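Scroll down for the structure; my scribbles are underneath it.
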Ligand SMILES: [Zn+2]
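Residue numbers (UniProt numbering): 1 to 350.
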């Protein structure tokens, strides 16, 4: 956090004008994995994280009247829009029961509402009510199987965010926006979603959409690559309880002034890839020359598991050949000559 410093930012008049002309569309992906949040309970509950996130969203909306936001939950059962609400959604019907379930998940028993409906600015209230209502519905619909799952649909949520941004910016009637994505992640293992996650990264790279990652727990190799490839910010929080401060300090920066701000991000990126067959991160592996599929080991039938290309048996022999190890010969012991002169101190001659 010490590196977060905007004192050297030199803001010209044209840049400020540019920021006003092009509002920001912020796509927020919230990882709602119940198992991961239960492990994080002592440091930060889901309810506290949502409260911090709503403060951050309201701050983002207040920066520019035309700023927009989309919030997507990456749950174990799939990705779901929290805001804007899906057309078929009517959270008002089940909002009361939903609040109970969110409190139950966060372990709190207080009766105070997350937001005060009477005194809130209308735009803030719409977003807050939609996010809390839809999240409550999602949590209350959890089954025993979904709660035990350790995998969140992060790649699906990223895809939803990218397609929503593309739809807004492709619509000629809509105002063109600078877009960026913030991923609040708590689950560690994403190796089974390597291919869809990398596809999302390439799509974001092509559309110049930075992916910022706020990591509350665990460490995911591919998310480091996502932020590095798209010029985003990757921050692993040492103190998750101060989430709102991290969000407001490091992730509220407008893309227009981003080049002038010295942000704290992780410099050492782990560029390892995952095996397409075993779904594990590999240090050294083989790559199919046709489809670029990564394998920790070539399958026994000698063909690519993705595109079915049959490899040259001679080339496979070379790959599977065990490395030559040169065995050092032990030096032979010299046999003592029997007829040699005796070694030792000669006895004194009287
Ligand atoms: Zn292949």
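Beta carbons are placed, not taken as given, at the ideal position from N, Cα and C, and that holds for glycine. Keep in mind it's a predicted model, so treat the numbers as computed, not measured.
query, result
"For residue 278, verify whether its CB is less than 8 Å away from any heavy atom of ligand 1.", "no"
"Closest by CA to residue 51, which one among 212, 129, 39?", "129"
"Compute the beta-carbon to beta-carbon distance between residue 72 and residue 160, rounded to the nearest angstrom, for a pair I have assumed lies under 8 Å.", "5 Å"
"Pair every Cβ in the stretch 23-36 with every Cβ in the stretch 163-176, then say whether three or more of these pairs are closer than 8 Å.", "yes"
"Determine, using beta carbons only, whether residue 171 comes closer than 9 Å to chain C.", "The chain inventory of the structure shown lacks chain C, comprising one protein chain alone."
"Alpha carbon to alpha carbon, what distance is there between residue 212 and residue 181?", "6 Å"
"Between residue 214 and residue 31, what straight-line distance do the alpha-carbon atoms span, to the nearest angstrom?", "10 Å"
"If I follow the unbroken alpha helix (DSSP H) through residue 80, where does it start and stop?", "No alpha helix (DSSP H) holds residue 80; the beta strand (DSSP E) holding it covers 78-83."
"Please list, following the chain, all residues that have a C-beta closer than 7 Å to any non-hydrogen atom of ligand 1.", "288, 290, 291, 293, 304, 306, 307, 309"
"By the 10 Å Cβ neighbour count, where 16 or more other Cβ atoms means buried, how is residue 355 classified, buried or exposed?", "Since the first and last residues shown for the chain are 1 and 350, residue 355 lies out of range."
"Skipping 5 residues on each side, what residues in its chain have a beta carbon closer than 8 Å to that of residue 270?", "221, 224, 225"
"Since residue 74 sits in a beta bridge, which residues does DSSP pair it with?", "31, 79"
"Under 9 Å, do residue 360 and residue 252 count as touching if we go by C-beta distance?", "Because the chain here runs from 1 to 350, residue 360 falls outside it and cannot be looked at."
"Determine the direct distance from the alpha carbon of residue 80 to that of residue 86, and round the result to whole angstroms.", "9 Å"
"List the whole-angstrom C-beta distance separating residue 133 from residue 78, where the pair is believed to meet the contact cut-off of C-beta under 8 Å.", "Residue 133 to residue 78, Cβ: 18 Å. No contact."
"In whole angstroms, what separates the C-alpha of residue 125 from that of residue 55?", "11 Å"
"Mapping DSSP to helix, strand and coil, what is residue 40?", "coil"
"Let me check one thing: in DSSP terms, what residues is residue 213 bridge-paired to?", "183, 234"
"Using three-state DSSP, classify residue 119 as helix, strand or coil.", "coil"
"Grab the span of the alpha helix (DSSP H) containing residue 48 for me, first residue to last.", "46-63"
"Using a Cβ-Cβ cutoff of less than 6 Å, which residues in the same chain neighbour residue 97 once the five nearest sequence positions on both sides are dropped?", "Caution applies to residue 97, whose pLDDT of 39 falls short of 50 and renders its modelled position unreliable; the model cannot decide the point."
"Under the three-state reduction of DSSP, which class applies to residue 286: helix, strand or coil?", "strand"
"Go ahead and pull the three-state DSSP assignment for residue 258.", "helix"
"What's the C-alpha gap between residue 201 and residue 325?", "41 Å"
"Determine the burial state of residue 178: buried for a count of at least 16 other Cβ atoms within 10 Å of its Cβ, exposed for fewer.", "buried"
"Along the alpha helix (DSSP H) that carries residue 196, what are the first and last residues, could you check?", "194-207"
"Roughly how many whole angstroms lie between the Cα atoms of residue 176 and residue 248?", "24 Å"
"For residue 308, does the count of other Cβ atoms within 10 angstroms reach 16, so buried, or fall short, so exposed?", "exposed"
"Measuring alpha carbon to alpha carbon, tell me which of 286, 305, 306 ends up nearest residue 297.", "286"
"On the DSSP bridge assignment, give the partners of residue 26 in chain order.", "69, 180"
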